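Here the structure comes first, spelled out in structure tokens, and everything after it is commentary.
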Amino acid sequence: MADPNKNKKSKDRWPLRVFLIAVALSAVMSFCSSAVLEDSGLWIPILVLVIFILLGIVFDMIGVAVTAADPKPFHSMAAHGEKGGREAIRLLNMSNRVSSLCNDVVGDICGIVSGSTAAVIVVELQQSFNLRSILVSIAVTALISGLTIGGKAACKPIAINDSTKVVYRVARIMNALHLFR
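Just add 1 to wherever you are in the sequence shown, counting from 1, and you've got my numbering.
Set out below in structure tokens:
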């Protein structure tokens with residue numbers, strides 16, 4: 002017979018695991034962006050910023066989709082041996098953790114790295130155009146916030162209404178990369 006305390010212990014460790022994942026991911030993403038941004042001018046930080054904004058939006062969409070998707074089509078896919086079926090079921094069975102990881106961990110890290118990238122962009126703009134106004138910082142921050150929040154708001158209906166498609170695409174990618182087999 003299964004040990005009921007084993008599942009409880011696993012759930013009790015989830016916050017610690019999320020913490021460790023967040024620290025590790027944050028360190029890697031911050032290191033990568035810092036290495037790329039060092040003495041890079043204006044266009045590279047803008048590209049890095051766009052990548053992190055898009056990454057945050059995509060992971061937010063995945064996090065919402067796994068909580069909204071119906072598992073029935075995936076059970077059928079898995080039963081017929083369709084690629085991605087088993088991975089989709091696994092994602093949906095762990096939807097609370099997947100959502101937490103996608104929305105909270107990756108989303109928050111992308112927001113933080115976007116903020117530090119914004120600081121690099123502000124400094125570069127101020128130096129390039131000999132501006133010393135706080136308005137540059139306000140404008141860059143407002144634009145980044147608008148793009149991030151607007152992008153997530155635009156993708157939320159897709160994540161909810163087309164959750165099966167979103168989860169299936171993620172599951173197919175996981176299958177191709179041999180993740181969680």
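Note that beta-carbon positions come from the ideal geometry of N, C-alpha and C, so glycine has one too.
Since this is a predicted model, take the numbers as computed values, not measurements.
Spatial distance of residue i from residue j (CA atoms)
{"i": "Val-24", "j": "Cys-33", "result": "14 angstroms"}
{"i": "Ala-120", "j": "Arg-14", "result": "35 angstroms"}
{"i": "Leu-92", "j": "Arg-98", "result": "9 angstroms"}
{"i": "Glu-39", "j": "Pro-72", "result": "46 angstroms"}
{"i": "Phe-53", "j": "Ile-145", "result": "11 angstroms"}
{"i": "Pro-1", "j": "Pro-74", "result": "The question about residue 1 has no answer here: the residues shown for the chain are numbered 2 through 182."}
{"i": "Val-37", "j": "Ile-45", "result": "8 angstroms"}
{"i": "Arg-87", "j": "Leu-17", "result": "27 angstroms"}
{"i": "Val-19", "j": "Asp-109", "result": "12 angstroms"}
{"i": "Glu-83", "j": "His-76", "result": "10 angstroms"}
{"i": "Asp-163", "j": "Ala-154", "result": "15 angstroms"}
{"i": "Ile-174", "j": "Ile-135", "result": "43 angstroms"}
{"i": "Ala-41", "j": "Ile-139", "result": "In the sequence as displayed, the identity of residue 41 is Ser instead of Ala. Computed Cα separation, rounded: 22 angstroms."}
{"i": "Ala-143", "j": "Gly-116", "result": "11 angstroms"}
{"i": "Gly-152", "j": "Arg-170", "result": "19 angstroms"}
Within 8 angstroms, strictly: CB atoms of residue i and residue j
{"i": "Leu-26", "j": "Val-106", "result": "yes"}
{"i": "Ile-122", "j": "Leu-50", "result": "yes"}
{"i": "Val-137", "j": "Gln-127", "result": "yes"}
{"i": "Ala-177", "j": "Ala-89", "result": "no"}
{"i": "Val-67", "j": "Ser-100", "result": "yes"}
{"i": "Leu-48", "j": "Glu-125", "result": "no"}
Neighbourhood of residue i by C-beta distance below 6 angstroms, restricted to the same chain and skipping five residues each side
{"i": "Cys-156", "result": "Ile-58, Met-62"}
{"i": "Ala-80", "result": "none"}
{"i": "Cys-111", "result": "Phe-53, Leu-56, Gly-57"}
{"i": "Met-2", "result": "Reliability of the predicted coordinates at Met-2 is poor, the pLDDT of 48 falling under 50, and no value is obtained from them."}
{"i": "Val-141", "result": "Ala-119, Ile-122, Val-123"}
Distance between beta carbons of residue j and residue i, contact taken as under 8 angstroms
{"i": "Val-114", "j": "Met-30", "result": "5 angstroms"}
{"i": "Gly-85", "j": "Met-78", "result": "7 angstroms"}
{"i": "Val-161", "j": "Ala-69", "result": "First, the residue type needs correcting, since residue 161 is Ile and not Val in the sequence shown. Ile-161 to Ala-69, Cβ: 5 angstroms. Contact."}
Residues near residue i by beta carbon distance below 8 angstroms, same chain, minus five either side
{"i": "Ile-22", "result": "Leu-102, Val-106"}
{"i": "Asn-104", "result": "Phe-60, Asp-61, Gly-64, Val-65"}
{"i": "Leu-148", "result": "Ile-54"}
Contact set for residue i: own chain, Cβ-Cβ below 7 angstroms, skip 5 residues either direction
{"i": "Arg-133", "result": "Gln-127"}
{"i": "Thr-165", "result": "Ala-70, Asp-71, Pro-74"}
Mind listing, in chain order, the continuous alpha helix (DSSP H) runs of no fewer than 4 residues lying wholly within the stretch 41-107? 44-69, 73-80, 86-94, 96-100
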